[in-house]
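Structure first, then comments.
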Amino acid sequence: GDSVTQTEGLVTVTEGLPVKLNCTYQTTYLTIAFFWYVQYLNEAPQVLLKSSTDNKRTEHQGFHATLHKSSSSFHLQKSSAQLSDSALYYCALTNTGKLTFGDGTVLTVKP
Amino acid sequence: GPKVLQIPSHQIIDMGQMVTLNCDPVSNHLYFYWYKQILGQQMEFLVNFYNGKVMEKSKLFKDQFSVERPDGSYFTLKIQPTALEDSAVYFCASSLEGRDTGQLYFGEGSKLTVL
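Line by line, the protein sequences give chains A and B.
First residue of the first sequence: 5, per the working numbering; consecutive thereafter.
First residue of the second sequence: 1292, per the working numbering; consecutive thereafter.
Pasting the structure below:
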């Protein structure tokens, strides 16, 4: 079956510095889409980024990610972290409409 | 953006009782999902539902679980009887498309505590 791996459970970064959240995957399907979901405290998970195109950079709200099928990765990055970015981030892939989530990474941005 | 509403936000029940979790999906969406998240663990797929039928379910979707959406009303997850291990946050989601690139919209979750 499908699996998504997020190696860091907790990432702490100082405001204004760059941040990278890692995501790798395993799947036997060829046609798939990838997402980064963000979940703020006491809120519903919501889509941050979405991609299904190899080697194409996707950007939203200052975050960006590029799907690399050669390395089975979809890392999330931001050049300058903001305090408001503190949240739980999930990497996920979908086929046939079923999302498979990684374990999630808690990002804490400190002043 | 589109909102998925879940009722109740929190419910506490005794083991063996029945519970129904309600989901009001985005109005024009066609595909509905339930996910389970135990505290400190990842979100796990339970079931997806389309056109009045279960399309796919995981091993977590035990025989005691059932889903329905009668006449376009709430999309419900019923657990009967409940067990201690059913304690978790249950997230409902809906999407317009159910194929490879369908984007899911999630509710805020229903926290179930089974005593």
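Backbone N, C-alpha and C define an ideal beta-carbon position, used for all residues, glycine too.
- Cβ proximity to chain B below 9 Å picks out Tyr33, Thr35, Ile36, Ala37, Phe39 and Tyr41 from the stretch 23-41 of chain A.
- Put simply, the stretch 33-42 of chain A touches the stretch 94-107 of chain A. At least three CB pairs are less than 8 Å apart.
- Taking the beta carbon of Glu47/A as reference, the chain B residues within 8 Å of it are Glu1399, listed in sequence order.
- Per the C-alpha coordinates, the member of Phe38/A, Val51/A, Pro22/A and Ser83/A positioned closest to Thr28/A is Phe38/A.
- Looking at the DSSP output, Gln1302/B sits in a beta bridge with Leu1403/B.
- Rounded to the nearest angstrom, the Cβ distance from Tyr1326/B to Phe1366/B is 13 Å, too far for a contact under 8 Å.
- Cβ-Cβ distances below 6 Å link Gly66/A to Lys82 in the same chain, with the five nearest sequence neighbours on each side left out; the list follows chain order.
- Within the stretch 94-112 of chain A, Tyr94, Ala96, Thr98, Asn99, Thr100, Gly101, Lys102, Leu103, Thr104, Phe105, Gly106, Asp107 and Gly108 place their CB atoms closer than 9 Å to a CB of chain B, listed in sequence order.
- Residues Thr1311 and Ser1357 of the same chain have their beta carbon placed closer than 6 Å to that of Lys1369/B, with the five preceding and five following residues left out of the count.
- For Val51/A, the chain B residues whose Cβ falls inside 7 Å of its Cβ are Gln1394, in order along the chain.
- Considering only beta carbons, the part of the stretch 1346-1379 of chain B lying closer than 8 Å to chain A consists of Met1346 and Glu1347, in chain order.
- For Gln43/A, the enclosing beta strand (DSSP E) starts and ends at Ala37 to Gln43.
- Burial state of His1320/B is buried, judged by a 10 Å Cβ sphere holding 16 or more other Cβ atoms.
- By DSSP's assignment, Gln1328/B forms a beta bridge with Met1334/B and Val1380/B.
- Taking a cut-off of 8 Å for Cβ pairs, the stretch 1369-1378 of chain B and the stretch 1299-1319 of chain B touch, as three or more such pairs fall below it.
- DSSP, reduced to helix, strand and coil, places Asp6/A outside both helices and strands of the structure shown, so it counts as coil.
- For Asp1315/B, the secondary structure class from DSSP, reduced to helix, strand or coil, is strand.
- Its chain contains Ala1379 and Val1380 as the residues whose beta carbon lies nearer than 8 Å to that of Leu1330/B, once the 5 sequence neighbours on both sides are disregarded; these appear in chain order.
- Taking C-beta atoms as the reference points, Cys1314/B and Gln1332/B fail to come closer than 8 Å.
- Counting the other Cβ atoms within 10 Å of the Cβ of Met1309/B gives fewer than 16, which makes it exposed.
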